[in-house]
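**Q** Residue numbers (the working numbering): 73 to 277. We put the CB at the ideal spot given by N, CA and C, even for glycine. Quick caveat: nothing in here was measured; it's all calculated off a predicted structure. Would you mind keeping the following structure in view while I ask a few things?
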């Protein structure tokens, strides 16, 4: 069993390999890898001194899994922005008016706290919905292509790259990605019965 200090030493020793892994597995995050690993380093410094921390038997594998998990968290956050851009139907004039109003008035501390809580709930809700989406795809063999295309998209592959890797026409990939995002959008709408999260994620709907 490895103690906390050794876990930190292993991280520093394996950092170049972890960087290569992150850049290869998640091309979309290529420019964010340094920030990602720095966040993980700070997280580890807190984690290893916790009284309930149990050092892993295989530090290198555990660190790779941690990098993968945190990278996926970042990609999910980016995907929320994709959903926003796909479903935002407000005109440019309306957006400009809203920006001016925000600049003039500025959020109060209470409003800021409410917005932070809403964004936290957004992340939790979308994470749960994406897990449900994977389970839905795995229920029927014909949906596995949708799941693969969407996962490749989350890993930073373009529709053209996905089509080449899967050996299918680009039109099929675009259709699958649209179907996946629409499934997630509808499930978010169903789950967020009060629409507080939905209205933020899908402005203008």
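1. Identify every run of the alpha helix (DSSP H) within the segment 86-142, keeping only runs that are complete inside it and at least 4 residues long; order them along the chain.
2. Please name the residue in 227, 246 and 75 whose C-alpha comes closest to that of residue 278.
3. Residue 258 to residue 207, Cα distance in whole Å?
4. Taking 8 Å as the cut-off, decide whether the C-beta atoms of residue 216 and residue 263 are in contact.
5. Using the Cβ count rule (16 or more neighbours within 10 Å means buried), how would you classify residue 125?
6. Measuring straight from C-alpha to C-alpha, what distance separates residue 129 and residue 75?
7. Counting only the same chain and skipping the five closest in sequence on each side, list residues whose C-beta sits under 6 Å from that of residue 281.
8. Can residue 120 and residue 80 be called in contact, C-beta distance under 8 Å?
9. Could you spell out where the alpha helix (DSSP H) holding residue 211 opens and where it closes?
10. Quick one: grab the DSSP three-state call for residue 230.
11. By the three-class DSSP mapping on this structure, what secondary structure does residue 145 have?
12. Counting along the chain, where does the alpha helix (DSSP H) carrying residue 245 start and finish?
13. Check this for me: beta carbons of residue 114 and residue 94, under 8 Å apart or not?
14. Just to check my reading of the structure: residue 148 and residue 199 have Cβ atoms closer than 8 Å, yes? What is that Cβ distance to the nearest angstrom?
**A** With the structure as the only source:
1. 105-119
2. Absent from the model: residue 278. The displayed extent of the chain is 73 to 277, so no value can be given.
3. 16 Å
4. no
5. exposed
6. 10 Å
7. Nothing about residue 281 can be reported from this structure: the residues present for the chain run from 73 to 277 only.
8. yes
9. It is not in any alpha helix (DSSP H) - residue 211 carries neither H nor E in the DSSP assignment.
10. coil
11. helix
12. 242-263
13. no
14. 6 Å
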